[in-house]
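Here the UniProt record's numbering is used: the first residue of the sequence shown is 1, the next is one more, and so on. For each residue, glycine too, the CB sits at the ideal point set by N, CA and C. Encoded as structure tokens, the structure appears first; notes follow it.
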Amino acid sequence: MTNDDGWRSPGADSNTNGSAGGRGDETPPRYGERLPEGQAPQPYGQPTGQQQPYGEQPQPYGQQPQYGQPGPYGQQQPYGQPQYGQQAPYGQQYGQPQFGQQAPFDPNNPYGQQPFGQQNQGWAPPPKPGLIPLRPLSFGTLISAPFQTLRRNPKTTFGSALLITGVTTILTLLVVGLVSYFAFGRIAQAAVEDRDTIAAGAVLQIVLASLIPFLLTIAGAVFLQGVIVTEVARATLGEKLRLGEAWKATWPRFWALVAWTLVASLAMLLAIGLLIGLIVLLVSLGGGFVGASVAVGILGFLVLIAAVFWLSTKLSLVPSGIVLERLGFAAAIRRSWSLTTGYFWKTLGIQLLVAFIVGTVSQVVTTPVSVIFSVVAGSLDPTGSAITDNNITTIIVLYIVLALLSIITSSVTAVAQSATSALIYIDLRMRKEGLDLQLMRFVESRERGQASDTENPYAFEGDPRQQQQGGPAQGYPGGGPGSNTGPGTWGGNGA
Numbered sequence: 001m002t003n004d005d006g007w008r009s010p011g012a013d014s015n016t017n018g019s020a021g022g023r024g025d026e027t028p029p030r031y032g033e034r035l036p037e038g039q040a041p042q043p044y045g046q047p048t049g050q051q052q053p054y055g056e057q058p059q060p061y062g063q064q065p066q067y068g069q070p071g072p073y074g075q076q077q078p079y080g081q082p083q084y085g086q087q088a089p090y091g092q093q094y095g096q097p098q099f100g101q102q103a104p105f106d107p108n109n110p111y112g113q114q115p116f117g118q119q120n121q122g123w124a125p126p127p128k129p130g131l132i133p134l135r136p137l138s139f140g141t142l143i144s145a146p147f148q149t150l151r152r153n154p155k156t157t158f159g160s161a162l163l164i165t166g167v168t169t170i171l172t173l174l175v176v177g178l179v180s181y182f183a184f185g186r187i188a189q190a191a192v193e194d195r196d197t198i199a200a201g202a203v204l205q206i207v208l209a210s211l212i213p214f215l216l217t218i219a220g221a222v223f224l225q226g227v228i229v230t231e232v233a234r235a236t237l238g239e240k241l242r243l244g245e246a247w248k249a250t251w252p253r254f255w256a257l258v259a260w261t262l263v264a265s266l267a268m269l270l271a272i273g274l275l276i277g278l279i280v281l282l283v284s285l286g287g288g289f290v291g292a293s294v295a296v297g298i299l300g301f302l303v304l305i306a307a308v309f310w311l312s313t314k315l316s317l318v319p320s321g322i323v324l325e326r327l328g329f330a331a332a333i334r335r336s337w338s339l340t341t342g343y344f345w346k347t348l349g350i351q352l353l354v355a356f357i358v359g360t361v362s363q364v365v366t367t368p369v370s371v372i373f374s375v376v377a378g379s380l381d382p383t384g385s386a387i388t389d390n391n392i393t394t395i396i397v398l399y400i401v402l403a404l405l406s407i408i409t410s411s412v413t414a415v416a417q418s419a420t421s422a423l424i425y426i427d428l429r430m431r432k433e434g435l436d437l438q439l440m441r442f443v444e445s446r447e448r449g450q451a452s453d454t455e456n457p458y459a460f461e462g463d464p465r466q467q468q469q470g471g472p473a474q475g476y477p478g479g480g481p482g483s484n485t486g487p488g489t490w491g492g493n494g495a
């Protein structure tokens with residue numbers, strides 16, 4: 001490209017005839033090229049094509065060079081404001097200020113180009129009003145948050161679990177113990193010829209008596225799961241419920257939880273019964289069907305185990321839907337199935353990992369006590385012929401200690417696993433439905449004093465992300481699929 005009188009390339013000598021200023025008509029050699037004969041290499045740091053005249057002082061540090069002269073290294077003009085031939089100082093290219101300085105407004109500055117060390121003023125971390133940040137949760141948060149739930153409000157979480165587990169355990173011991181005492185007492189007092197008949201009746205009495213505490217245990221576990229779901233939902237919003245408040249908020253959904261548990265239990269018993277019936281049928285046919293019955297039994301057992309893991313994972317969010325969205329158990333089943341679609345392995349993995357953690361901790365706590373109990377019980381009466389009142393008292397005390405440890409570990413396990421399912425439910429709704437935006441609006445309204453006490457922030461109201469974009473709200477109207485109450489029922493009592 002040629003130069004004319006009105007324009008010269010940056011760094012070009014004003015003397016185009018090659019006098020005193022250098023060879024302005026020749027371009028400097030590129031990297032790897034040989035220099036022309038008779039030309040010395042350029043000193044390091046000296047701008048190519050522009051040598052300092054003899055006797056002239058160099059430019060002072062920080063002073064802008066004149067027209068056509070590049071400044072010393074490290075002085076470049078910001079992009080968009082340079083004089084011809086001038087470059088911005090090092091570190092201030094493309095309109096960026098120096099380190100630590102606020103960037104001035106520049107319409108030519110591309111969006112998102114902030115100086116190093118300065119955060120974008122338009123970005124803020126997601127709000128965290130309570131237990132978790134209002135954004136889709138990471139794997140680490142889903143693992144740690146269940147234990148934070150236990151630590152954040154132990155009176156409501158661990159207290160509820162300890163109370164329910166303790167009461168059901170004591171009732172079981174009392175009912176089964178009293179019935180067994182009277183049943184075996186009748187056997188001891190009966191005549192020899194009548195003992196077989198009385199023994200059969202005693203066994204039946206004990207089995208029937210065991211059903212009552214068994215049902216109470218299931219009911220207590222179901223109610224505890226609902227209490228933990230309520231606590232996790234409120235803790236996410238920064239609320240901290242008392243034990244009575246959590247129970248009062250959960251009780252209206254108790255019978256829906258019981259109905260779901262009974263349906264799931266009956267389905268499990270039906271599947272086991274069908275498998276056992278098929279095996280018995282093949283065995284009764286005899287001959288070559290005996291081997292087939294063994295194969296069917298093994299294969300059926302493996303299929304049953306796989307089905308249990310699959311269905312329990314797909315339906316693990318049913319209690320959360322029943323409690324938080326006020327759904328019937330049938331609608332909650334569809335809801336859980338829909339939410340876990342595409343996230344089956346993640347849901348299963350998190351639940352198994354939490355179960356492994358609490359199971360390991362429980363074994364670490366209870367195993368030493370069990371070993372001590374066995375050693376002490378054996379040392380008190382190694383021959384079994386010197387049973388005394390002191391020995392009996394010691395054994396009873398050890399049994400009580402072991403039972404208390406079992407109740408404590410069971411309580412911690414129940415809280416952690418129930419909280420895990422509730423957190424997975426909230427996480428999947430954030431990912432699929434934008435629940436985080438819905439909860440942010442509720443928190444902001446509450447801070448302004450505009451939120452109603454009966455407003456349910458977890459009611460399904462469509463995807464807020466689509467509503468912000470002007471699209472139609474997708475999903476179920478009102479309080480969710482199959483909801484029997486409206487969206488404004490944070491403490492509703494629908495069945």
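The distance from the Cβ of P127 to that of V443 is about 7 Å, consistent with a contact at the 8 Å cut-off. One Cα belongs to W260, the other to R195, and the distance between them is close to 43 Å.
The shortest CA-to-CA distance from F223 to any of S312, L339 and I322 is the one to I322. In this structure, the alpha-carbon of V175 lies about 30 Å from that of V358. The alpha-carbon of I407 is positioned some 9 Å away from that of A161.
Where D196 is concerned, the enclosing alpha helix (DSSP H) starts and stops at R195 to T236. Beta-bridge analysis with DSSP links L311 to no other residue. Taken through DSSP and simplified to helix, strand or coil, L241 comes out as coil.
Cβ-Cβ distances below 7 Å link A209 to V175, V176 and V179 in the same chain, with the five nearest sequence neighbours on each side left out; the list follows chain order. Sorting G130, P133, I132 and I143 by C-alpha distance to the C-alpha of K346 places I143 at the top.
With 16 or more other CB atoms across the displayed protein chains lying within 10 angstroms of its CB, I350 is buried. When only Cα atoms are considered, I206 and A183 end up about 8 Å apart.
With fewer than 16 other Cβ atoms from the protein chains shown falling within 10 Å of its own Cβ, A307 counts as exposed. By a beta-carbon distance limit of 8 Å, P133 does not contact T420. Their separation comes to about 17 Å.
From the listed residues M268, S316 and I187, the smallest Cα separation to I305 is found for M268. A direct Cα-Cα distance of roughly 14 Å separates A377 from I400. Judged by beta-carbon spacing, T157 lies within the 8 Å limit of E231, meaning their Cβ atoms are closer than that value. In the three-state scheme derived from DSSP, where H, G and I count as helix and E and B as strand, Q450 is classed as coil. Under the 8 Å Cβ criterion, the stretch 334-348 counts as touching the stretch 422-430, having at least three qualifying pairs. Here the alpha carbon of L437 sits roughly 29 Å from the alpha carbon of L352. When DSSP states are grouped into helix, strand and coil, R429 belongs to the helix group. Annotation: L237 to G185 spans about 57 Å, alpha carbon to alpha carbon. The Cβ atoms of I187 and A200 do not sit closer than 8 Å to each other. Using a Cβ distance threshold of 8 Å, A233 and G328 do not count as a contacting pair. In this structure S138 is exposed. Its beta-carbon is surrounded by fewer than 16 other beta-carbon atoms within 10 angstroms. Ranking S445, S418, Y458 and S410 by CA distance to the CA of E433 puts Y458 first. Relative to L315, the option among T141, N456 and T341 whose CA is nearest is T341. Per DSSP, S144 is one residue of the alpha helix (DSSP H) stretching across F139 to R152. Per DSSP, reduced to three states, the secondary structure at G273 is helical. Counting only the Cα atoms, V294 lies some 46 Å from E325. Y458: not part of any alpha helix (DSSP H); DSSP gives it neither H nor E. T394 is not a Cβ neighbour of V365, given a cutoff of 8 Å.
C-alpha of I272 to C-alpha of V290: approximately 19 Å in a straight line.
Under the 10 Å beta carbon count, V192 is surrounded by fewer than 16 other beta carbons and is classified as exposed.
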